[in-house]
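The sequence shown begins at -17 in this note's numbering and counts up by one. From the three backbone atoms N, C-alpha and C, an ideal C-beta is built for every residue, glycine too.
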Amino acid sequence: MTTLRSLATAQRLRLAAAGLALLALLLWDLTPSNSSMQQAKAAAGSTAVATFAGGCFWCMQPPYDGLDGVVKTTVGYTGGTKVEPSYEEVTDGTTGHAEAVEVVYEPAKVSYETLLDIFWHNIDPVTKNAQFCDHGTQYRTAIFYHDIEQKRLAEASKAKIETSGILKAPIVTQIVPAGVFYPAEDYHQEFYTKSSVQYKFYRYNCGRDARLRQVWGAAAATD
């Protein structure tokens, strides 16, 4: 009898051990792997880039700075052919570049649609190759998309505005692929804070806010 009980006990122990092993395997399958958790964390803190041209880049940096989810903004030149163009070369209108702002943002905190909405209401989208008092292709308005999804969203936002009837003329803002972006000289970065008096004087005398109110009405993004 003792031998039979010993055999039965040993068998139960083996079954219990097998059950524990099976449970451990099941729990392992249900537990996210380290790589999966790392990928999730990376996705949560990942960044994307948006690039917009809206006339004088001094005025396109303030609307994005301080916005929750925006990591960094940089003003510069894009859309042209000259490598490493200077401000003087771009303002001459011979390089093909447009003054633009590059926005690094976290999609988990702020959507590309929000960035587009800010862009539209800070520009005059019905005037070609000029913005307010500045004239020339370097002051054209454009959305430089970085992937197919940005292109889709940009085109959708443009179509929504066009069908809303708020504008009195067709939109001439370009939606084109992003190319090389050249940061502008240091003194242009955050010009609105470094040279606030000059910035406010320029913005007022250029008629930017007055024209934005004329184009967008109460929805205008004025200083």
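DSSP places Thr73 in the uninterrupted alpha helix (DSSP H) bounded by 69 to 73. Around the beta-carbon of His170, 16 or more other beta-carbon atoms lie within 10 Å, marking it buried. DSSP, reduced to helix, strand and coil, places Tyr87 within a strand of the structure shown. The beta carbon of Phe101 sits closer than 6 Å to those of Phe34, all from its chain and outside the five residues before and after it, given in chain order.
Cβ atoms of Val83 and Phe39 come within 8 Å of each other, at about 6 Å. The criterion of a C-beta distance shorter than 7 Å is satisfied by Ile157 and Glu137. Residue environment: His79 is assigned as buried (16 or more neighbouring CB atoms within 10 Å of its CB, all protein chains considered). Across the set Val154, Lys176, Ser139, Gly199, the C-alpha of Ser139 shows the shortest separation from the C-alpha of Glu95.
With distances taken between CA atoms, Gln43 lies nearest to Gly58 out of Thr29, Gly58, Ala30, Gly51. Annotation for Val179: the continuous alpha helix (DSSP H) segment containing it runs 178 to 187.
The Cβ-Cβ distance between Val85 and Ala32 falls below 7 Å. Within the DSSP secondary-structure output, Pro165 pairs in a beta bridge with Gly58.
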